[in-house]
Each structure stands twice: as structure tokens, then as C-alpha cells.
Amino acid sequence: MTRFWRDDGFTLVEMLVASAILLAITGAIISVLNPLHAAFGSQLEVSDEQQRLRAGVDALARDLMLAGAGVYAGPVAGSLDHYVAPIVPYRVGSVGDDPDAGIFYRSDTISVMYVPAASPQVTIRNENPSSTGVMTVNAPATCPYVQSEQLCGFEKGTRGLVINGRGQGNLVTITGVQVQQSQLQYVDTIPVPDGPGRFITHLILATYYLKSDIATNTYQLMHYDGYQTSLPVVDDVVKLEFEYYADPEPPRLLSGILLDDPVGSDVTYGPKPPPAGADDTNDSWGTGENCTFALVNGRQMPRLPVLSTGAALVRLLPEHMTDGPWCPDEQRSQRFDADLLRIRRVRVRLRVQATVVARRGPAGTLFSHGGTARDGERYVPDQEISFDIAPRNMNLGR
Amino acid sequence: MVAIGLMTGALLSLAQLFVIAMRTNGSSRNATYAAVLAQQKVEELRSLTWGFDVQGLPLSDTTTNSAVDPLEPNDGTGLSPSPASALQEDTPGYVDYIDAFGKKLGGGGRPIPGTAYIRRWSVEPLSSDPDDTLIIQVLVTRPGSRPQPTRFVARGPDEARLVTVKTRTAR
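So the sequence lines, in the order shown, correspond to chains A and B. Position one of the first sequence corresponds to residue 7 (this note's numbering), numbered consecutively onward. Position one of the second sequence corresponds to residue 1454 (this note's numbering), numbered consecutively onward.
Okay, structure coming up:
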């Protein structure tokens, strides 16, 4: 009978041959597995980059899509651009306000404004509230979430939009609430419009900007709420750029609608001018004029030029957005360039880098900020994405 | 030998898993980019003029060329209704080619060298309101991922397909 094992062990030659075979096979496997393992190790970082890109796109797209949403019901329903520029290329708010510092353009900053859906419209009772900085309001019984320090959802720090029955509007910031007296304390930079039918509604103000701190190696997409809070949205964002595309046509008067009609807006976009024989005391423009219309031979004509002969949107350059005419006028610190009212599409460029330094190679095309990785298998290059948003409420009628 | 064979098999299976994981990540990246590119085209088309002029008459953009960057006012199709096969095959005026970095290479009827994504779109008047409402569809696919032409228009792997409605509204 044949036996498959021996009691006298292996010879030295047999052991050497077996070891050599084992070493050769193991070496071959390791030579394949080692770079694969290095590349696989970078996959977590790759998917993390993708996830952060998606988060950044989602956050920016959500607010940009809503930019310009105005009051949803009533005689002044429509886009916010009849009162303010809903998209501006700089920071706006109580802390670090760019217009206060005379800055009206940053390539890596954007502020958007909109009235949130189903926001209550609270009627203002007292005349000339600007003299006291206090509004007495009629809080309807249906007002949502009334709490001890809230009145119809207004609380300290809330932004509001005040509009009168003539369709004139202005922004305010609530600084205090007296629920029992139905009063809102506020600050404004331009007196709130007087006249019958005034009401206040909520306004969302959001600023997105790039925080680049070389000393602490911090690069973040930041969100500022326009009052006191700035929070990071996405880490390791190394590039944030905005481009603006504009309606080539200037604002025009809508035919068949009288300027002194108290209902509705009388222009294609932007603030409507006062009637030809009247003056708006809130600005320094002449009788019948405002920042977008001038009186020429007794007729109200657009101040802004036609940017191109076709209907295609035209890219707004920084000089377009900082050369005036200014709304409400040049004397106000809280002014904005009237060309910002033309914005119809925004292009965003967002670039993120690997968080782990060991996954970044030398600074250059692939890496905005260099790292310590020395071989290609460990590289996780920066990822960049570009996307466009056409804010729905700034394209009404287009 | 049996033990070495087993070990080799196990380790090669592990290597295969690495490869699958990396492919999945690559596919995820492609899907993300395709979705963003599709959304970008939707936004471009939504920003074209489809409203009323100051006299209240309908105003439609039928000439803008959105296959180039920046958009050109002429030589394009704007929001003109597309042929029925615009999503199924590359149709001049309703397709553009994008490189791996998301940059437009141009339009035409066949992919341009360097094309990483093909973006087709269709513009179709809504049957119940053909004068004022359009259905816009965008399909982003990869070169060679589907035979040309094909009647298959459902979304495949690494592809994105978006649908939106644009309505003419008074100011």
C-alpha cells in the first residue's frame, strides 16, 4: 500500500524549493496588493471629497434658486427685485458689512435675499415709525409659533421687508419685540416707506463666502445669516468663484399701466419710478426719476444701457457692478449698483481638496495646497465643479 | 501547494474587491458630474427668454446657441421645439459635448475629441398648452455608453436625466 506521508521528514533541498516557491508567490501577490492597497486607502478620501462637493452644491443651489422670491400673495405679489437687488456680490449684514466699508464686489462672496414661502404679512398700524424706530403691528390670530419673545415669528435679529400699498419697500432688522404691546423695535438704513397698506414680512438674508486662513490651514465655505452668526458649511474648500449673467435689456415701463396706479408694479423689473411730476424724498434723484429711470424731454427713459442686441444673457464684469448708477442713490452707504437688478443667472465654481495632508502631492495643477504624498497611488487630487443657477423669481416674465 | 493555492485565491479575491470599490467610487463621481451637468443645461435653458414684451405680446428666444460658452445670441435653436429623437441621438442644436473638467467643447452632430460627457436636450410644447408651456428634458451620457441611435431613453448607469417645465408668465 502506498503511503502519502513519511516519518523521516523533508530533505533540506525540498525545504529550500518549497520556501522559494512560497516566497515567489507571496512576493508576486504583495507586489499587486501593495499599490492596490494604497489606491484603495485613498478611496475614502475621494468619496469624502465628492460628498463635500455635493453638500456645497446643495447649499448654494437651494438659496440661489430661491433668490428674489417676494411676497407670495396680495396686490404687491412678485419678485423682490422691485425693492432691492436680491443677489449682490459682497457681504451684507450687521457684522462686517461690505458696503459700510465701501466694498461692492468680491469674486468669492455672494449674498442672496428672499421672502420665505408662506411668510405672514403683518400690517403696520402707526404712522411714520421711522421717527421712533418702533412699529405697532396687527398680529393676526393665525400667526404661527407665537412665543414669549416672538411676534408672528419676528424676534431679535430677524430681517424684515416693509412694503406699502404703492409698492415701495425697504429692509429692516428687528432689534427687539414687545409681545403684549404688539410692537417691533427695528433699525433701518433708509426710512421705511409711509402710506396706507403698509405691512412687514420676513426676509431671509444669506451670505456665502470663502474663508482662507493660511496660518491655521483653514479653508471653508462659510454661511453668514446677516445678523451675528457665521458657520462653516463645507471644509477644505479651496476655490469659490461666482460669475453673473445679466438681462441685456434695461428695465422698461410696462405699457398700459399708469405709474400712479397703487396696485402692481409698472416696470419690467427693478424699482418703479415716482410719477413724472412727483419726487421720492428717500433719494436724491430728481422729480419723476429714480436709479433706473431718468426724465428725458418729459419722458421717463431707462438709465441703464442695452448690453447686447440679442436676447442671450450677457456676462456682468466687476466694473459693471461697481460703476453705478446706484440705488437708492450715491449718498447712501447701503447702496447697490442698479446693474445687479439685471442678474438672471449665476455660475458657481467650487473646488475642494483632500482633508488628509498625506493624500495631497506637491502644489500645482492637481493640488491647490501641497501635501506630503510622494507616490501617485496615494494622490487624491482636488475636485472642482461648476454649475449654473437661474433664480426662478428673477426670471419672471422672461 | 494546496495551502499556497488557497492563500493566493483569497488574496486575489481581496484585490478584486479593491478594484470593485474603486470602480464604484469612479461611477459615483461620474453620476454626480452628470447630474450637475444636466442641471446646468436646465438652468441655461430656463434663463432663455420665454415671456411677454412690454406690449404684452409673447416673446420667445429661438436663436440662442447654448452649445457654446458663453452663450451666443445667434446660430442656435434657443427654445425652438426639438425633433422627436433629440434625446436618442446627437442632433445639431440640441447637443453639446463636455470635457472631463466640465468645459463645453461645442455642439454639432458628432463627439469632438476630448469629449467626456454628451449632453442632449429636448424642447417639447405641452400638448394642453402648446403656446405657453414647454417641457424641457436633458440627458447626460458618456461616449459609447449607448449605441447610436437608440430608442432607449431611460437613464442608464453613470447617466443623468432631468425634466422641467417652463411656462410663460406675465410680469
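Think of the CB as a built atom: it goes at the ideal place given N, C-alpha and C, for glycine as much as any other residue. Keep in mind that this is a model prediction, so the values were computed, not measured.
Residue(s) in a DSSP beta bridge with residue i
i	result
B:PRO1511	B:PHE1505
A:GLN57	Note: A:GLN57 sits in no beta bridge, so no partner.
B:GLY1458	In DSSP, B:GLY1458 forms no bridge with anything.
A:ARG357	A:LYS245 and A:GLU390
A:ASN223	BP columns for A:ASN223 are empty, so no partner.
A:ASP194	A:VAL178
A:LYS217	A:GLN226
Interface residues of chain A facing residue i [CB-CB closer than 9 Å]
i	result
B:GLU1525	GLY316 and ALA318
Neighbour flag for residue i against chain B, beta carbons, 8 Å
i	result
A:ASP394	yes
A:ALA282	no
A:THR274	yes
A:ARG60	yes
A:ILE35	yes
A:VAL269	Below a pLDDT of 50, predicted positions are generally treated as unreliable, and A:VAL269, at 48, falls in that range; no measurement from the model is reported.
A:ARG258	yes
A:VAL118	no
A:VAL38	yes
A:ILE93	no
A:GLN359	no
A:ILE391	yes
A:VAL239	no
A:VAL362	no
A:VAL63	yes
A:ARG309	no
Cross-chain neighbours of residue i in chain B, by beta carbon under 7 Å
i	result
A:PHE248	Here the premise fails: no neighbours, minimum Cβ distance about 14 Å.
Chain A contact for residue i (CB, 8 Å cutoff)
i	result
B:GLN1492	yes
B:ARG1614	no
B:THR1622	yes
B:ARG1482	yes
B:GLY1555	yes
B:LEU1532	no
B:VAL1593	no
B:GLU1577	no
B:LEU1464	yes
B:ASP1514	yes
B:VAL1548	no
B:GLU1496	yes
B:THR1568	no
B:VAL1618	no
Candidates the options: closest to residue i by CA position
i	options	result
B:ALA1569	B:ASP1549, B:GLY1561 and B:VAL1616	B:ASP1549
B:GLN1493	B:THR1620, B:ILE1589 and B:GLU1577	B:ILE1589
A:ASP388	A:GLY370, A:PRO397, A:THR378 and A:ASN401	A:GLY370
A:SER218	A:LEU70, A:SER125, A:SER374 and A:SER53	A:SER374
A:LEU70	A:THR115, A:SER37 and A:ASP54	A:THR115
B:THR1617	B:TRP1574, B:PRO1511 and B:SER1519	B:TRP1574
B:GLU1542	B:ILE1551, B:THR1530, B:GLY1562 and B:PRO1526	B:GLY1562
A:ARG350	A:CYS333, A:GLY367, A:ASN399 and A:GLU325	A:ASN399
A:CYS297	A:ASN303, A:GLY304 and A:ASP289	A:ASP289
B:GLY1597	B:VAL1576, B:PRO1564, B:GLY1546 and B:THR1586	B:PRO1564
A:ARG418	A:LEU42, A:ALA26 and A:GLY62	Since the displayed chain A opens at 7 and closes at 404, residue 418 of chain A lies outside it and no answer follows.
A:PRO308	A:ALA145, A:GLU295 and A:THR222	A:GLU295
B:LEU1472	A:VAL239, A:LEU39, A:SER314 and A:GLN184	Contrary to the premise, residue 1472 of chain B reads as Val rather than Leu in this sequence. Answer by Cα proximity: A:LEU39.
A:ARG258	A:SER100, A:VAL273 and A:ALA252	A:VAL273
A:ASP106	A:ALA364, A:GLY382 and A:PHE342	A:PHE342
A:ALA396	A:VAL118, A:ASP14 and A:ALA34	A:VAL118
A:ARG355	A:SER339, A:PHE248, A:GLY367 and A:LEU346	A:PHE248
B:ARG1595	B:LEU1587, B:ILE1551, B:PRO1523 and B:PRO1583	B:ILE1551
A:GLN191	A:THR138, A:TYR215 and A:PRO280	A:THR138
A:LEU167	A:TRP332, A:THR129 and A:GLU390	A:THR129
A:GLN340	A:LEU346, A:LEU347 and A:TRP332	A:TRP332
A:ASN401	A:SER125, A:HIS88, A:LEU66 and A:LEU22	A:HIS88
Distance between beta carbons of residue j and residue i, contact taken as under 8 Å
i	j	result
A:ILE180	A:GLU155	Not quite, the Cβ-Cβ distance comes to about 11 Å (not below 8 Å), so this is no contact.
A:VAL52	B:ASN1478	5 Å
A:VAL98	A:HIS208	That pair is no contact at about 16 Å.
B:LEU1532	B:SER1513	6 Å
B:GLY1529	B:SER1519	6 Å
A:VAL358	A:VAL240	7 Å
Heavy atom of the ligand SAH within 7 Å of residue i beta-carbon
i	result
B:TRP1574	This structure simply doesn't include the ligand SAH, nor any ligand for that matter.
Amino acids of chain B, ordered along the chain, whose beta-carbon sits closer than 9 Å to that of residue i
i	result
A:ARG348	What A:ARG348 touches in chain B: nothing, since even the nearest Cβ is about 12 Å away.
A:GLN49	PHE1471, ALA1474, MET1475, THR1477 and ASN1478
A:GLN56	ASN1478, SER1481, ARG1482 and THR1485
Interface residues of chain A facing residue i [CB-CB closer than 7 Å]
i	result
B:ARG1499	ALA396 and ASN401
B:ALA1520	Those within 7 Å of B:ALA1520 in chain A number zero; the least Cβ separation is about 12 Å.
8 Å Cβ cut-off: residues of chain A touching residue i
i	result
B:ILE1457	ILE27, LEU28 and ILE31
Per-residue contacts from residue i into chain B (C-beta, under 8 Å)
i	result
A:PHE46	PHE1471, ALA1474 and MET1475
A:SER53	ASN1478 and SER1481
A:LEU42	ALA1468, PHE1471 and VAL1472
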